[in-house]
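Number of protein chains: 2
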Amino acid sequence: MRVSREQMAENRERILDTAATLFRERGFDGVGVADVMKAVGLTHGGFYGHFSSKDDLAARAIGRAFIQSNQRAAEAKAAGPQAPLQAIADRYLSPAHRDDAGHGCPVAALGCDIARQGGAARLAATEGVRAAIKGLSAIAPGETAEDRRTSAIASYATLVGALVLSRMVDDEALSDEILAAAKTELQSAQE
Amino acid sequence: MRVSREQMAENRERILDTAATLFRERGFDGVGVADVMKAVGLTHGGFYGHFSSKDDLAARAIGRAFIQSNQRAAEAKAAGPQAPLQAIADRYLSPAHRDDAGHGCPVAALGCDIARQGGAARLAATEGVRAAIKGLSAIAPGETAEDRRTSAIASYATLVGALVLSRMVDDEALSDEILAAAKTELQSAQE
DNA sequence: GAATTTAGATGATACTGATCATATAAAGAG
DNA sequence: CTCTTTATATGATCAGTATCATCTAAATTC
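Top line first, the protein sequences correspond to chains A and B.
Take any residue in the first sequence, note its place counting from 1, add 17, and you have its number in my numbering.
Take any residue in the second sequence, note its place counting from 1, add 17, and you have its number in my numbering.
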């Protein structure tokens, strides 16, 4: 059955958002086109009216996930009394973020998947990483702009690595310890 | 056709090694049982004489990858004139390691895949991470053992995150910059 | 409000992949 | 040297999965 023009646009948005979440939860190969469409409440056949292929969807979903993620980081900067980098680390390294990969950082959720992906998906991710580094550079410590950029990249890496490790391990105490250790180290690097 | 007892044991080893490499290169879902067996030079049917399932293989392959990886780190510690942590970082954050995921760190290559994996695979990875942290703790800076462990975990996270980021991006200059930035920051954290 | 367009539904196709039943030929036991 | 065992090979099954052709009913358009 046909739906209105704006309903269609909304459906497309929901497909993208749903895909961005499902991919982060289960990985690219863990989610089928039909899974995404079913989660949205549509049937699989209509998919190719919106996207040219699953890869196309993946690339756009990655782009969307990065935009949301970088936006959340920008929000965290502003809010709260702490230093901006500490505010970001507190959110990023929280158990809540660890336990909800579907709505979290796409690098931690899909980093190694993206590294194996081709063309468009890699490009979208590269833009996202660039934007994230730029955002962090504005609040990283350091005398020169170069120093701040170096520090921003290293902090980004620490955040990502700690979250990946904390999600991998099968022991909650160790997982919490990893998050806490990264937070502590980022704090002392700040001075 | 049947092969000798030791030939069979050797075949099993080769299946494990091959799987450990292929999984790191292409991810769990990117490699089929038949792919592994073909790479070893056997046919797919014989697989279930060696392992009870693909998940079983995955768990054992992860264990093997961690042992090899931690061993390489231990070797790097001893060799060379630099501080041990710097020696490890130099190897870990080298373009050679970035460009050869199949023989490198299983966390950077499969971290997010493992996080989605169940049971045995997670357990094997947890042991591997624990061992890696222990190894790094012995050479990390800090007054108390606790400080050293915290520092070791954070350094581990920085290494992993930087490698993942460097593999994700589609721009070699940026990729190199990420590796260099993490190396620099680990060096200055050392003092 | 009739004619036209089209978003999404239905169903088919062509692959791929995990798992297993059975066959076979070579190893190891006697 | 024969008999038994068994590591692999062959081939089948069953379940998914991406993609596409076709249909249909509702939204636009005139």
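Even for Gly, the Cβ is constructed at its ideal location relative to N, Cα and C.
From a predicted model like this one, the values you see are computed outputs, not experimental measurements.
Excluding five sequence neighbours on each side, which residues of the same chain lie with their C-beta closer than 6 Å to the C-beta of B:L214?
-> This structure does not reach residue 214 of chain B, given that chain B is present from 18 up to 208, and the question cannot be answered.
Mind checking A:S205: buried by the 16 CB within 10 Å criterion, or exposed?
-> Translated into the one-based positions of the first sequence, residue 205 of chain A becomes position 188. When all chains shown are included, A:S205 counts as exposed.
Run the CB neighbour count on A:Q99, radius 10 Å, all protein chains shown included, and call it buried at 16 or more, exposed below.
-> For the purposes of this step, residue 99 of chain A is taken as residue 82 along the first sequence, with counting starting at 1. Flag for A:Q99 reads exposed.
Taking the alpha helix (DSSP H) that A:I195 falls in, what are its first and last residues?
-> Taking the first sequence and counting its residues from 1, the one referred to as residue 195 of chain A is at position 178. First-last of the alpha helix (DSSP H) with A:I195: 189 to 206.
Grouping DSSP H, G and I as helix and E and B as strand, with all else coil, what is B:G63?
-> Residue mapping note: residue 63 of chain B aligns to position 46 of the second sequence, counting from 1. Note: B:G63 maps to helix in three-state DSSP.
Secondary structure at B:E128, three-state DSSP: helix, strand or coil?
-> By one-based count along the second sequence, residue 128 of chain B stands at place 111. Looking at the sequence itself, residue 128 of chain B is Gly, so the reference to Glu does not match. Helix.
Roughly how many whole angstroms lie between the Cα atoms of B:N87 and A:Y65?
-> Walking along the second sequence from the start, residue 87 of chain B turns up at place 70. Walking along the first sequence from the start, residue 65 of chain A turns up at place 48. Looking at the two C-alpha atoms, the distance is approximately 46 Å.
Return the CA-CA distance between B:V20 and B:T38, expressed in angstroms with no decimal places.
-> Looking up residue 20 of chain B in the second sequence gives position 3. Looking up residue 38 of chain B in the second sequence gives position 21. Distance between the alpha carbons of B:V20 and B:T38 is about 25 Å.
Cutoff 8 Å; reference B:G136; Cβ partners in own chain excluding five residues on either side | Working through the second sequence from its first residue, we reach residue 136 of chain B at position 119. Taken in chain order, the residues that qualify are D72, A76.
Cβ shell of B:T201 (< 6 Å), same chain only, five flanking positions each side left out = Residue mapping note: residue 201 of chain B aligns to position 184 of the second sequence, counting from 1. Excluding positions up to five away in sequence, the list is empty.
Which of helix, strand or coil does DSSP assign to B:L102?
-> Here the question's residue 102 of chain B lines up with position 85 in the second sequence. B:L102 falls in the helix class under three-state DSSP.
Quick one: is A:A126 buried, meaning 16 or more other Cβ sit within 10 Å of its Cβ, or exposed?
-> To locate residue 126 of chain A, count along the first sequence from 1; it is residue 109. A:A126 is buried by the Cβ-count criterion.
Give the residues of chain A in contact with B:E202, contact being defined as C-beta atoms less than 7 Å apart.
-> Locating residue 202 of chain B in the second sequence gives position 185, where the first residue counts as 1. Residues of chain A passing the Cβ test: T167, S168, A171.
If I'm right that A:L33 touches A:R89 with Cβ under 8 Å, what's the distance once you round it to whole angstroms?
-> Mapped onto the first sequence, residue 33 of chain A falls at position 16. Mapped onto the first sequence, residue 89 of chain A falls at position 72. About 17 Å; that fails the 8 Å criterion.
Would you mind working out which of A:S172, A:K94, A:R29 sits nearest A:I150, comparing C-alpha positions?
-> As a position in the first sequence, residue 150 of chain A is number 133, starting the count at 1. Cα-wise, what sits closest to A:I150 is A:S172.
Exposure of B:P112, with buried meaning 16 or more beta-carbon neighbours within 10 Å | The residue you call residue 112 of chain B lines up with position 95 of the second sequence. An exposed status is given to B:P112, since fewer than 16 other beta-carbon atoms sit within 10 Å of its beta-carbon.
Proximity to A:L102 [Cα-Cα], best of A:I170, A:L191, A:A157, A:E163 | Locating residue 102 of chain A in the first sequence gives position 85, counting from the first residue. Closest by alpha carbon: A:A157.
Using three-state DSSP, classify B:P158 as helix, strand or coil.
-> Here the question's residue 158 of chain B lines up with position 141 in the second sequence. Coil.
A:M185 in three-state terms, based on DSSP | Mapped onto the first sequence, residue 185 of chain A falls at position 168. Of the three classes helix, strand and coil, the one that applies to A:M185 here is helix, per DSSP.
Neighbourhood of A:G121 by C-beta, 6 Å cutoff - its chain only, sequence neighbours within 5 removed | Mapped onto the first sequence, residue 121 of chain A falls at position 104. Answer for A:G121: H114, listed in chain order.
Chain A contacts from the segment 50 to 72 of chain B (Cβ-Cβ distance under 9 Å) = none
CB contact flag (A:L203, A:S183, <8 Å) = Against the first sequence, residue 203 of chain A aligns to sequence position 186. Against the first sequence, residue 183 of chain A aligns to sequence position 166. Against a cut-off of 8 Å, the Cβ pair of A:S183 and A:L203 comes out as no contact.
What residues from the segment 133 to 149 of chain A come within 8 Å of chain B, judged by C-beta to C-beta, listed N to C?
-> Cβ proximity to chain B below 8 Å picks out R133, R139, L140, A142, T143, V146, R147 from the segment 133 to 149 of chain A.
Specify, as a first and last residue, the run of the alpha helix (DSSP H) that B:Q88 falls within.
-> Position 71 of the second sequence, counting from 1, holds the residue named residue 88 of chain B. 71 to 95 is the span of the alpha helix (DSSP H), which, as asked, contains B:Q88.
Tell me whether B:S21 sits in a helix, a strand or coil according to DSSP, three-state version.
-> Your numbering for residue 21 of chain B matches position 4 in the second sequence. Here B:S21 sits in coil by DSSP.
Under the three-state reduction of DSSP, which class applies to B:G152: helix, strand or coil?
-> As a working mapping, residue 152 of chain B is identified with position 135 in the second sequence. Helix.
Which of the three DSSP states, helix, strand or coil, is assigned to A:V48?
-> Within the first sequence, numbered from 1, the residue matching residue 48 of chain A stands at position 31. Coil.
Buried/exposed call for A:G62, threshold 16 Cβ in 10 Å | As a first step, residue 62 of chain A must be located in the first sequence, where it is residue number 45. A:G62 is exposed by the Cβ-count criterion.
With a cut-off of 8 Å on the beta carbons, I'd call A:A93 and A:A104 a contact; round off their distance for me.
-> Within the first sequence, numbered from 1, the residue matching residue 93 of chain A stands at position 76. Within the first sequence, numbered from 1, the residue matching residue 104 of chain A stands at position 87. Yes, A:A93 and A:A104 are in contact; Cβ-Cβ is about 5 Å, under 8 Å.
Compile a chain-ordered list of the residues in the segment 119 to 134 of chain B whose CB is closer than 8 Å to at least one CB of chain A.
-> V124, A125, A126, L127, G128, C129, D130, I131, A132, R133
Delimiting residues of the alpha helix (DSSP H) encompassing A:H114 | Numbered from its first residue, the first sequence carries residue 114 of chain A at position 97. Segment 112 to 115, the alpha helix (DSSP H) holding A:H114.
Closer than 7 Å by beta-carbon distance: list the chain A residues that pair up with B:T175, in chain order.
-> For the purposes of this step, residue 175 of chain B is identified with residue 158 of the second sequence, where counting begins at 1. Ordered by position in chain A, the residues that pass the 7 Å Cβ test against B:T175 are A171, A174, T175, G178.
Residues near A:A51 by beta carbon distance below 6 Å, same chain, minus five either side = As a working mapping, residue 51 of chain A is identified with position 34 in the first sequence. Contacts found: H61.
Can you name the residues of chain A whose CB is closer than 8 Å to the CB of B:A206?
-> Residue numbering aside, residue 206 of chain B sits at position 189 when the second sequence is read from its first letter. Result: E202, A206.
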